[in-house]
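In what follows, a structure is listed as structure tokens, so that the remarks can point back to it.
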Amino acid sequence: SIVKGELHKQCASQVELDSYKEYAAQIQPVKKPFNASQCGWEPFDKSNYKQLLGALDYSFLCAYAVGMYLSGLIGERLPIRYYLTGGMLASGLFTAMFGLGYFYNVHNLWFYIMAQIANGLVQTTGWPSVVTCIGNWFGKGRRGLIMGVWNSHTSVGNILGSLIAAYWVSTCWGLSFVVPGVIVAVMGVVCFLFLIERECFPGDPEVQHLLTDSEKSSVSLSSSTVATGEGRHGTSAISFLGALRIPGVVEFSLCLLFAKLVSYTFLFWLPLYITNVEHLDAKRAGDLSTLFDVGGIFGGILAGLISDRLEKRASTCGMMLLLAAPTLYMFSAVSKMGLEATVVMLLISGALVNGPYALITTAVSADLGTHKSLKGNSRALSTVTAIIDGTGSVGAALGPLLAGLISPSGWNNVFYMLMVADACALLVILVCAGFRIWYFMLQSEAWEVTIFFLDKVLVVFLLQLLIKMKKCHIS
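Written out as structure tokens, the structure is:
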């Protein structure tokens, strides 16, 4: 998103400077066709640049959404350390590949689209794997706060990525992709060397070869410990349909679809919006856009803390979504008043928009992946996380695309679209919660008790009505 301002940039001042130099040198001016929108890196230098940039976003996010559903199923059946390392190495390669288009002077749109598609597919290896690792280490009672703090790495990554990209965007935008690609690949090697997938027990098969004979004999006396190790490895991975039947997976997936639509629209289009509204260059706009992620860090931690205290994940999401809609309206109005107002609204909007998104993709996914209906089967975390995040990625793909189509009619219309999406996310939680309560009453004695009381109330009402009618008839 940072490089968008460089792929297509306003260069009226440069053309005017060239014309002035020609005039000062008393050279016969060369008549140049001038269009302020036709400047930048071909093919993004034309007037349809918003549609082309939207196509890049859409190709990445569609590939990510489709690949995510498969990634969870594959990751559940492979060693997480190897799977995650391979994905990070490939992700670094394809990220750098996009930047190589600058150094090799590539102007073919399909080169950049294919790089985005490949990058989107390999990046799906990441989220289900890391959520599974964290879910294996921490229990349900403290997941909200711990995962809220841990999830801040996504916003920190966005901030670092934006700062790195902004550093080179005006001088050599290819390095804005090559440098992050190298960093991701290096961290993939670090992951391979040091990642511990879950807490190890003495009875686990991978630990047995590290024990001496005396230690093995002492471990064999503890039947509970051995049973724990067998239980982890003896269960089969859950199927896709089996994961969908877990209570809460479908509703939180749909909620994340709309929440991620809002978040990713900000992620991909915020620097360009700031450039147009505040009239800043690409570097300063990129630096300023990181405040949205700073707000997201505090929002994720706050959402996790509140959900742990209340023990209500859905209520916490609903509360923050309810506050986010009017905040988005305020952002669209206040951001035109000056830079200071924009800074404040970026922090508040980031907290309220990214709070529910962070909570659903971390603590909620881990809770559902270890739901009591699974009866102790721990091999569902990756699949459940992939379903929830994959459905959310559909919204992430739609958001930037819709923004690219709507923005020519005005940025206010983009914010109206975001407010509607936020309201839909809240509506999904409310409707599904109401349906679940109704279904519970229908399947329990509470429904019979309710019918009994309604029947009594109706009888009393009819008797009172008959008495009043009789009195009126007598009078």
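Residue 310 is where the sequence shown starts when you use our numbering, and the numbers rise one by one after that. Glycine is no exception: its CB is placed at the ideal position from the N, C-alpha and C atoms.
Own chain partners of residue i with C-beta closer than 6 Å, once the 5 adjacent residues on each side are dropped
| i | result |
| --- | --- |
| Lys454 | The amino acid occupying residue 454 in the given sequence is Leu; Lys does not appear at that position. Here the set comprises Gly613, Leu614 and Asp617. |
| Gly349 | Leu316, His317 and Lys318 |
| Ala494 | Leu398 and Gly401 |
| Ala568 | Pro665, Tyr666 and Ala734 |
| Asn445 | Arg507 |
| Ile610 | Gly457 and Val458 |
| Cys741 | Glu560 |
| Asn357 | none |
| Leu655 | Leu600 and Phe601 |
Beta-carbon separation (whole angstroms), residue i vs residue j, contact threshold 8 Å
| i | j | result |
| --- | --- | --- |
| Val559 | Val693 | Between Val693 and Val559 the Cβ distance is about 11 Å, and since that is not below 8 Å, they are no contact. |
| Thr670 | Ile697 | 7 Å |
| Arg451 | Asp676 | Going by Cβ atoms, the distance from Arg451 to Asp676 rounds to 12 Å, so no, they are not a contact pair. |
| Ala291 | Gly604 | Not covered by the structure: residue 291. The range shown for the chain is 310 to 784. |
| Phe601 | Leu579 | 6 Å |
| Ala695 | Tyr378 | 6 Å |
Closest by C-alpha distance to residue i, when choosing among the options
| i | options | result |
| --- | --- | --- |
| Ser548 | Val729, Gly349 and Ser380 | Ser380 |
| Phe501 | Pro352, Leu707 and Tyr391 | Tyr391 |
| Leu630 | Ser716, Met728 and Ile505 | Met728 |
| Gly314 | Phe577, Cys442 and Tyr378 | Phe577 |
| Ala623 | Arg593, Gly659 and Leu563 | Leu563 |
| Val440 | Ile426, His462, Asn428 and Leu739 | His462 |
| Leu566 | Arg451, Ile738, Lys359 and Leu365 | Ile738 |
| Thr651 | Lys359, Glu351, Met639 and Ser716 | Met639 |
| Ala705 | Thr480, Tyr573, Lys592 and Ile606 | Tyr573 |
| Ser658 | Phe607, Leu736, Tyr378 and Pro352 | Phe607 |
| Cys442 | Phe503, Asn414 and Leu469 | Phe503 |
| Pro709 | Val571, Leu589, Gly701 and Ser641 | Val571 |
| Asp590 | Ala364, Asn460, Thr480 and Ile505 | Thr480 |
| Asn428 | Ile468, Phe369 and Phe412 | Phe369 |
| Ser641 | Phe575, Gly701 and Asn663 | Phe575 |
| Ile468 | Met496, Ala594, Leu736 and Tyr411 | Ala594 |
| Gly627 | Ile492, Leu736, Pro556 and Asn357 | Leu736 |
| Val465 | Asn663, Cys741 and Val740 | Asn663 |
Residue i to residue j span [Cα, whole Å]
| i | j | result |
| --- | --- | --- |
| Ala306 | Thr599 | Residue 306 lies beyond the stretch modelled for the chain, which goes from 310 to 784, so this question has no answer here. |
| Gly401 | Gly743 | 45 Å |
| Glu620 | Leu361 | 45 Å |
| Gly647 | Gln432 | 37 Å |
| Val487 | Arg554 | 42 Å |
| Trp720 | Val643 | 13 Å |
| Gly551 | Leu382 | 12 Å |
| Thr636 | Val653 | 11 Å |
| Leu707 | Gly490 | 25 Å |
| Asp366 | Gly435 | 19 Å |
| Thr584 | Lys592 | 9 Å |
| Asn414 | Gly363 | 21 Å |
| Tyr421 | Tyr411 | 11 Å |
| Arg386 | Lys355 | 47 Å |
| His416 | Leu409 | 11 Å |
| His588 | Pro556 | 48 Å |
| Val703 | Gly713 | 16 Å |
| Val498 | Ile505 | 14 Å |
| Ile426 | Glu649 | 38 Å |
| Gly701 | Ile492 | 26 Å |
Cβ shell of residue i (< 7 Å), same chain only, five flanking positions each side left out
| i | result |
| --- | --- |
| Ala424 | Phe403, Met406 and Phe407 |
| Leu711 | Met726 |
| Leu430 | Ala372 and Gly376 |
| Ala795 | Given that the chain is displayed from residue 310 to residue 784, the structure contains no residue 795 and the question cannot be resolved. |
| Val312 | Ala474, Val478, Trp482 and Ser485 |
| Lys645 | Val586 |
| Ala689 | Ile547, Ala552, Gly678 and Leu683 |
| Thr625 | Ala612, Ile615, Ser616, Leu619 and Leu668 |
| Val673 | Phe561 and Arg622 |
| Ile715 | Asn722, Val723 and Met726 |
| Leu418 | Pro352 and Leu361 |
| Leu661 | Gly608, Met629, Leu632, Ala633 and Thr636 |
| Phe447 | Ile455 |
| Met496 | Met397 |
| Asn460 | Gly609, Ala667 and Thr671 |
Per DSSP, cross-strand counterpart(s) of residue i
| i | result |
| --- | --- |
| His317 | Gly349 |
Own chain residues within Cβ distance below 8 Å of residue i, not counting five before or after
| i | result |
| --- | --- |
| Ser438 | Gly384, Ile389, Tyr392, Leu393, Gly396 and Ser691 |
| Asp596 | Ser471, Leu472 and Ala475 |
| Pro717 | Lys359 |
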